[in-house]
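*Asks:* Structure in structure tokens, see below.
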Amino acid sequence: MSETAREAILTRIRTGLAQPAPLPPRPDFTAPVHPPLAGDDEVLAFAQSFQGAGGEFYYCETRAQLAVQLATFRERQQLGRPFVWEPAMQEILRAAGVAFQADETEFLAHADWGLTSCEALVARTGSVLVSAASASGRRLSIYPDQHVVLARPSQVVAEIGDALRVMQQRYGTALPSMVSLTTGPSRTADIEKTLVLGAHGPRRISLFLLEDE
């Protein structure tokens with residue numbers, strides 16, 4: 000390298016060091032991570048996100064419609080009676096004329112599907128927040144081949160953070176021993192990148208949204 004070229008390079012380096020690049024703008028850590036949800040209808044946003052994650056969504060305006068939808072679902076899937084352990088869920092199904100299994104008799108052998116409530120529904124991700132606080136406990140949302148959720152539009156919140164705040168307001172410091180965000184059916188592609196459904200839990204998740212009374 001000639002002395003002239005070497006001096007030219009050193010000159011550019013000195014100039015650059017004398018005028019350091021400006022620092023990037025400081026991020027606003029109080030700003031939302033995600034952009035606002037499209038539209039103002041969080042229930043619609045949840046339904047779209049839930050189906051996009053692989054869930055089956057059913058809207059029921061009345062208990063009569065719920066009974067028809069559940070009967071059609073059961074016939075199409077060729078299922079027996081659902082296991083339903085929560086008194087509030089049992090009351091709704093009993094009033095709608097839907098037969099169910101209220102105890103754990105033959106649960107391990109015939110747990111084709113379990114019906115549970117939930118703590119909240121997250122519009123952003125289409126997730127269902129469940130916990131061990133209900134009579135369904137830990138097992139009814141995990142063990143059966145199909146997990147069916149009965150929820151209300153008033154349970155829909157925009158973000159995961161909103162759902163967690165619902166839990167804090169509801170339980171305070173006595174949070175349930177298990178809190179789980181379920182987004183679509185259980186799946187894995189760990190082995191040779193082949194997608195397998197039902198690897199760690201239910202192979203199918205369905206949600207019946209019954210209008211608030």
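Numbered according to numbering that gives the first Met the number 0, the sequence shown spans residues 0 to 212. C-beta atoms are modelled at their ideal positions from N, C-alpha and C, and glycine is treated no differently.
Among E103, P81, G171, D211, which one has its Cα closest to the Cα of S205?
*Replies:* Ranking the options by Cα distance to S205, first place goes to P81.
*Asks:* Among the residues of its own chain, which have a CB less than 8 Å from the CB of I91, if the five just before and after it don't count?
*Replies:* Closer than 8 Å at Cβ, skipping near neighbours: R62, L65, L149, L209.
*Asks:* Between S179 and V121, which are expected to be in contact by the criterion C-beta below 8 Å, what is the C-beta distance as a whole number of angstroms?
*Replies:* The Cβ separation is near 12 Å, so there is no contact.
*Asks:* Do the CB positions of S176 and P201 come within less than 8 Å of each other?
*Replies:* Contact: no.
*Asks:* Here's the rule I'm using: 16 or more other beta-carbon atoms within 10 Å means buried, otherwise exposed. How should R203 be labelled?
*Replies:* So R203 counts as buried.
*Asks:* Does DSSP put G113 in a helix, in a strand, or in coil?
*Replies:* DSSP places G113 in strand when its eight states are reduced to three.
*Asks:* Considering only the beta carbon of each residue, do T182 and S133 sit closer than 8 Å?
*Replies:* No, these two residues do not count as a Cβ contact at 8 Å.
*Asks:* Count the other CB atoms, across all protein chains shown, that sit within 10 Å of the CB of P143; report buried if there are 16 or more and exposed otherwise.
*Replies:* Buried, since its Cβ has 16 or more Cβ neighbours within 10 Å.
*Asks:* Tell me, to the nearest whole angstrom, how far the beta carbon of A46 is from that of F56; I am working on the premise that it is less than 8 Å.
*Replies:* Contact holds; Cβ gap of about 5 Å.
*Asks:* Using only alpha-carbon positions, find the residue among L78, M88, I12 that is nearest to T115.
*Replies:* The candidate whose alpha carbon is nearest that of T115 is M88.
*Asks:* Classify T124: buried if its beta carbon has 16 or more other beta carbons within 10 angstroms, exposed otherwise.
*Replies:* That one is buried.
*Asks:* For F106, I'd like the list of residues in its chain whose CB is within less than 7 Å of its CB, leaving aside the five on either flank, ordered along the chain.
*Replies:* Once the five neighbours on either side are set aside, the close Cβ partners of F106 are F82.
*Asks:* Measuring CA to CA, which of L78, E103, C59, Q77 is closest to W84?
*Replies:* Nearest C-alpha to W84: E103.
*Asks:* According to DSSP, what are the bridge partners of I204?
*Replies:* Answer is H146, bridged to I204.
*Asks:* Can you have a look at F28 and say buried or exposed, based on whether 16 or more other CB atoms are within 10 angstroms of its CB?
*Replies:* Exposed, by the Cβ-count rule.
*Asks:* Which of helix, strand or coil does DSSP assign to F106?
*Replies:* Correct three-state label for F106: helix.
*Asks:* Measure the CB-CB distance between W112 and L69 and report whether it falls below 8 Å.
*Replies:* Cβ atoms of W112 and L69: not closer than 8 Å.
*Asks:* Would you kindly work out how many angstroms separate the C-alpha atoms of E118 and A131, rounded to a whole number?
*Replies:* Each residue's alpha carbon lies about 10 Å from the other.
*Asks:* On the three-state DSSP scale, how would you describe E41?
*Replies:* Helix.
*Asks:* Near Q50, which residues of its chain fall below 8 Å by C-beta distance, leaving aside the five closest residues on each side in sequence?
*Replies:* F56, G125.
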